[in-house]
Amino acid sequence: MYAQMVKSEAANDDPALLAAFQARIDAGERIEPKDWMPDAYRKTLIRQIGQHAHSEIVGQLPEGNWITRAPTLERKAILLAKVQDEAGHGLYLYCAAETLGVTRDDLTEQLLSGRMKYSSIFNYPTLTWADIGAVGWLVDGAAIMNQVPLQRTSFGPYARAMVRICKEESFHQRQGYDLITKMAQGTAEQKAMAQDALNRFWYPSLMMFGPSDKDSVHSTQSMAWKIKINTNDELRQKFVDQTVPQAKYLGLTVPDENLKWNDDKDGWDFSEPDWNEFYDVLKGNGPCNTDRLSARQKAWSDGAWFRDGLMAHAKKAEARRVAAKVAAE
Amino acid sequence: MSNEWPLWEVFIRGQHGLNHRHVGSLHAPDAELAMRHARDVYTRRNEGVSIWVVPSAQITASAPSDKGPLFEPANDKVYRHPTFYDIPDEVGHM
Amino acid sequence: MPSLPDVMTPDAAQLAQAAGGEGRAPLETGSPEHDLFTGLTRLGDTTLILGHRVSEWCGLAPVLEEDIALANMALDLIGQTQLWLGLAGEVEGRGRDADALAFRRDGWEFHNLLLVERPNGDFGRTLMRQFLFDAYHLPLLKALEGSTNPRIAEIAAKAGKEVAYHVERSADLVIRLGDGTDESHARMQSSLDALWGYTGEAFIGDAVDARLGEAGVMPAPESLRSDWDRTVNAVLAEATLERPASDFAHKGGKQGRHSEHLGHLLTSMQWLQRSYPDATW
């Protein structure tokens, strides 16, 4: 997911406080920034929301890669609006994290130094125009699976950011499917591009949910805190069940020989992605890790003079206002 | 040196004349830019007709521990709510 | 034998009917329709190329809030392009829509100002280019609102609202950065110096402009200069930037003679349409 394999912290606070805190969550109450919360809850959330925000920001790059090559004016506008939304989503999420006592600059610093992660999916390249459809359809589709339940997460600012994001996100998935539909129903070449995009994005999309976490202590803790609502396997199954018929409608083939309908579970059986590849990507060895991070580093360092210049002007202008007021008195 | 732009809270009044509502936050060097950023960030989908921006540091919030004393006294004043009163159907809408 | 297809031959007429105008003869140079088409492509190509340039920043701006603001501006410009080029296609009457004009013409058929094809450079360069253009764009649109052509007046009124915000934004940022740190000042001054020679073209009219001006369809370029000067002088003064003394103006963009940069821009912009001409997207 956008936040993958988030390690939860062990809580070692006063047991009575902890119990009261857990009772509030169990009762469906929202935790707000000024409420008491276990330090571990705070740290885990910063890590999770931060990673989610970073994913939105880095996620601008693979799609931004095609803005200047979009084939019609309307497609260019749609893609631009979509990538812009992602910047907005990153912004909302950073703000949610900031209510926990971390600054956006701190989080950015941690992303750029490699201490914080972003979703593995954005380390895959967008090679043809059909990939822009596949990203909307599959990647945003997978993200929505996770984001919809997170609207009910226990931390108020995170839940509210998710409500806003989910409202905007459904446009993303639809535009992706619309785009790939045009490709799949187009010329032979377009169809080939659409199939190739599905071939390359299928397994990385399944990886977005993270490896099975049914036995993970981190997962158990996060679910108790309601900052994780479903297991990775549940969401992955839901995603496959939703996506397979959509691929069929397009006349595209899901690249999995073992894909088979299973009446007993009322869902599709499917192959696991290659988890070794997943861990390689996490370690920094995905096809685009270096490019993505260096693009963000460059944007940040090239922009320092701009941010500082505007801050300097604001301080000067404020000083002038104060001086004028003093002179007037 | 930390030269981070300060944080601002954004309030927007929508098309339908309701009160300004908190919609989120953003960073800006001063009030004018905060206002412009708010327009660019929070009204992309035609959400508002009026914007307020307030430096986050200037907000005074009630403490969670005061929740009882602040809000519970209102709990038993049910007579303040219209549903407290039974109006005969024959009277019509009131 | 005439070098242009003759609209009176039965073949061409049939073709025109069958293909929604595709067989119609090209507009005759110097005719009012041709002038109007040229004037509209000057508007639409300029917003297209600038919108494209601005969109190159998407995801790479110095701060998230600016990234979002820039995208809004690029979206406005692309939207205006659809309207101007859409109308140009209708005027031409040969079945070309805004996309056909944007993606299927070569550089020498583009009529945008040279200023907007200048590469982005650093963020200050991009903002300075935007300001120098916006300060011209707004009075241009205000004048176009009074066009004798109601379609043009209508588009200008819509675009004018968007561009009023653009110029407010870009002027304010130029002032802030000019009067910011030593570094931001130096960067803005060097951007101004580098772009200055490309600002004059907007105010130099040719025969097409003269005829359009005469007919009240579009303003004479020269008439927009004083508004531009006023805005630019006021903003530069507040920004503590020095207006370059030279009045040399690079020109040619409006007539289809461009810098080398445009070809590279079109190479990526038009690539899919050119590589897969039979596809719909």
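Protein chains in written order, with this note's numbering: chain A, 1 to 329; chain B, 1001 to 1094; chain C, 2001 to 2281.
No residue lacks a Cβ here, since even glycine has one placed at the ideal position from N, Cα and C.
Assigned secondary structure, residue i (DSSP; H/G/I helix, E/B strand, else coil)
i	result
Ala2013 of chain C	Since pLDDT at Ala2013 of chain C reaches only 44, below the 50 mark, its modelled position is unreliable, and the value read off the structure follows with that caveat. In this structure, Ala2013 of chain C counts as helix in the three-state DSSP scheme.
Ala312 of chain A	helix
Glu56 of chain A	helix
Gly267 of chain A	strand
Lys260 of chain A	strand
Arg307 of chain A	helix
Glu189 of chain A	helix
His1081 of chain B	coil
Thr2280 of chain C	coil
Trp36 of chain A	coil
Leu2241 of chain C	coil
His2052 of chain C	helix
Ser2003 of chain C	Summary for Ser2003 of chain C: the model assigns pLDDT 48, below 50, so the residue's position carries little reliability; its value from the coordinates is reported in the next sentence. Here Ser2003 of chain C sits in coil by DSSP.
Arg160 of chain A	helix
Ile31 of chain A	strand
Leu2113 of chain C	coil
Ser1050 of chain B	strand
Glu329 of chain A	coil
His2264 of chain C	helix
Pro245 of chain A	helix
Met2008 of chain C	Residue placement at Met2008 of chain C is flagged as unreliable, the pLDDT there being 45, under the threshold of 50; a coordinate-derived value is accordingly withheld.
Gly2079 of chain C	helix
Glu2065 of chain C	helix
Pro1055 of chain B	strand
Ser205 of chain A	helix
Phe2248 of chain C	coil
Asn1024 of chain B	Inspection of the sequence shows that residue 1024 of chain B is occupied by Gly rather than by Asn. Residue state, collapsed to three classes: strand.
Leu2085 of chain C	helix
Val2091 of chain C	helix
Ile1012 of chain B	strand
Given residue i as reference, the closest of the options once Cα atoms are compared
i	options	result
Gln197 of chain A	A:Gly136, A:Arg296, A:Ala327	Note that residue 197 of chain A is Ala in the sequence shown, not Gln. Of A:Gly136, A:Arg296, A:Ala327, the residue nearest in Cα terms is A:Gly136.
Ser119 of chain A	A:Arg42, A:Lys265, A:Phe209	A:Phe209
Ala2210 of chain C	C:Asp2179, C:Pro2026, C:Leu2192, C:Asp2035	C:Asp2035
Tyr279 of chain A	A:Lys117, A:Ser301, A:Ala40, A:Asn258	A:Lys117
Ser2226 of chain C	C:Glu2066, C:Tyr2136, C:Ser2268, C:Glu2056	C:Tyr2136
Leu2141 of chain C	C:Lys2158, C:Arg2096, C:Val2174	C:Lys2158
Glu2154 of chain C	C:Gln2080, C:Trp2108, C:Tyr2276, C:Arg2105	C:Gln2080
Phe21 of chain A	A:Ala142, A:Ala224, A:Val58	A:Ala224
Trp2057 of chain C	C:Arg2024, C:Asn2112, C:Gly2124	C:Gly2124
Asp2172 of chain C	C:Arg2096, C:Ser2055, C:Met2188	C:Met2188
Pro157 of chain A	A:Tyr94, A:Leu282, A:Ser55, A:Asp291	A:Tyr94
Glu29 of chain A	A:Leu250, A:Ile227, A:Ile78, A:Val102	A:Ile227
Val281 of chain A	A:Pro204, A:Leu111, A:Gly141	A:Pro204
Cys351 of chain A	A:Asp140, A:Pro211, A:Gly176, A:Ala317	Any question about residue 351 of chain A goes unanswered here, given that chain A covers just 1 to 329.
Arg115 of chain A	A:Ala324, A:Leu293, A:Lys265, A:Ala319	A:Leu293
Cβ distance (whole Å) where residue i is taken to contact residue j below 8 Å
i	j	result
Pro149 of chain A	Ile229 of chain A	4 Å
Val2199 of chain C	Leu2132 of chain C	Correcting the residue identity first, residue 2199 of chain C is Thr in this sequence and not Val. The Cβ separation is near 5 Å, so the contact holds.
Leu100 of chain A	Arg42 of chain A	5 Å
Arg1013 of chain B	Ser1062 of chain B	That belief does not hold up - the Cβ atoms of Arg1013 of chain B and Ser1062 of chain B are roughly 23 Å apart, past 8 Å.
Glu2183 of chain C	Lys2251 of chain C	Contact flag wrong, Cβ pair sits at about 33 Å.
Gln2273 of chain C	Phe2110 of chain C	At roughly 15 Å, the Cβ-Cβ gap does not stay under 8 Å, so Gln2273 of chain C and Phe2110 of chain C are not in contact.
Leu2138 of chain C	Val2167 of chain C	5 Å
Leu2192 of chain C	Leu2241 of chain C	6 Å
Glu2065 of chain C	His1037 of chain B	4 Å
Ile132 of chain A	Leu61 of chain A	Actually they are not in contact, since the Cβ atoms of Ile132 of chain A and Leu61 of chain A sit about 13 Å apart, beyond 8 Å.
Report task. Would you list, in chain order, the members of the region 88 to 104 of chain A that have their beta-carbon closer than 7 Å to a beta-carbon of chain B? Result -> Those residues of the region 88 to 104 of chain A placed with their C-beta closer than 7 Å to a C-beta in chain B are Gly88, Leu91, Tyr92, Cys95, Glu98, Thr103, Arg104, ordered along the chain.
Query raised in the report: Does the count of Cβ pairs from the region 165 to 182 of chain A and the region 109 to 128 of chain A closer than 8 Å reach three?
Result: Between the region 165 to 182 of chain A and the region 109 to 128 of chain A, the count of C-beta pairs closer than 8 Å stays below three; the two stretches do not touch.
Report task. Pair every Cβ in the region 2043 to 2063 of chain C with every Cβ in the region 2074 to 2092 of chain C, then say whether three or more of these pairs are closer than 8 Å. Result -> With the cut-off at 8 Å, the region 2043 to 2063 of chain C and the region 2074 to 2092 of chain C touch.
Requested in this report: Determine which residues of the region 2065 to 2080 of chain C have a Cβ less than 8 Å from any Cβ of chain B, and write them out in chain order.
Outcome: Glu2065, Ile2068, Ala2069, Asn2072
Query - Contacting positions in the region 281 to 296 of chain A - beta carbon closer than 9 Å to chain B - result: none
Report task. Pair every Cβ in the region 2213 to 2224 of chain C with every Cβ in the region 2063 to 2077 of chain C, then say whether three or more of these pairs are closer than 8 Å. Result -> Cβ pair count under 8 Å is below three, so no.
Query raised in the report: With a cut-off of 8 Å, do at least 3 Cβ pairs link the region 2025 to 2032 of chain C to the region 259 to 274 of chain A?
Result: no
Query - Residues of the region 16 to 41 of chain A whose Cβ lies closer than 8 Å to any Cβ of chain B, in chain order - result: Glu32, Lys34, Asp35, Trp36
Query raised in the report: Touch check for the region 1009 to 1026 of chain B and the region 298 to 305 of chain A: three-plus C-beta pairs under 8 Å?
Result: no
Requested in this report: Report yes or no: do three or more beta-carbon pairs, one from the region 141 to 156 of chain A and one from the region 307 to 316 of chain A, lie closer than 8 Å?
Outcome: no
Query raised in the report: Listed in chain order, which residues of the region 296 to 310 of chain A have Cβ atoms closer than 9 Å to some Cβ of chain C?
Result: Arg296, Lys298, Ala299, Trp300, Asp302, Gly303, Ala304, Trp305, Phe306, Arg307, Asp308, Gly309, Leu310
Query raised in the report: Does the region 2257 to 2277 of chain C touch the region 2114 to 2123 of chain C, meaning 3 or more C-beta pairs lie closer than 8 Å?
Result: yes
Requested in this report: Pair every Cβ in the region 160 to 176 of chain A with every Cβ in the region 229 to 247 of chain A, then say whether three or more of these pairs are closer than 8 Å.
Outcome: no
Query raised in the report: Taking one C-beta from the region 2089 to 2104 of chain C and one from the region 68 to 82 of chain A each time, how about it: are there three or more such pairs within less than 8 Å?
Result: By the C-beta criterion, the region 2089 to 2104 of chain C is judged to be in contact with the region 68 to 82 of chain A, since at least 3 inter-stretch pairs fall below 8 Å.
Query - the region 82 to 91 of chain A touching the region 52 to 60 of chain A, judged by at least three CB pairs closer than 8 Å - result: yes
Query - Under 7 Å (Cβ pairs) to chain B, residues found in the region 2167 to 2188 of chain C - result: Arg2169
Report task. Could you name the residues of the region 253 to 276 of chain A whose beta carbon sits closer than 9 Å to any beta carbon of chain C, in the order they occur along the chain? Result -> none
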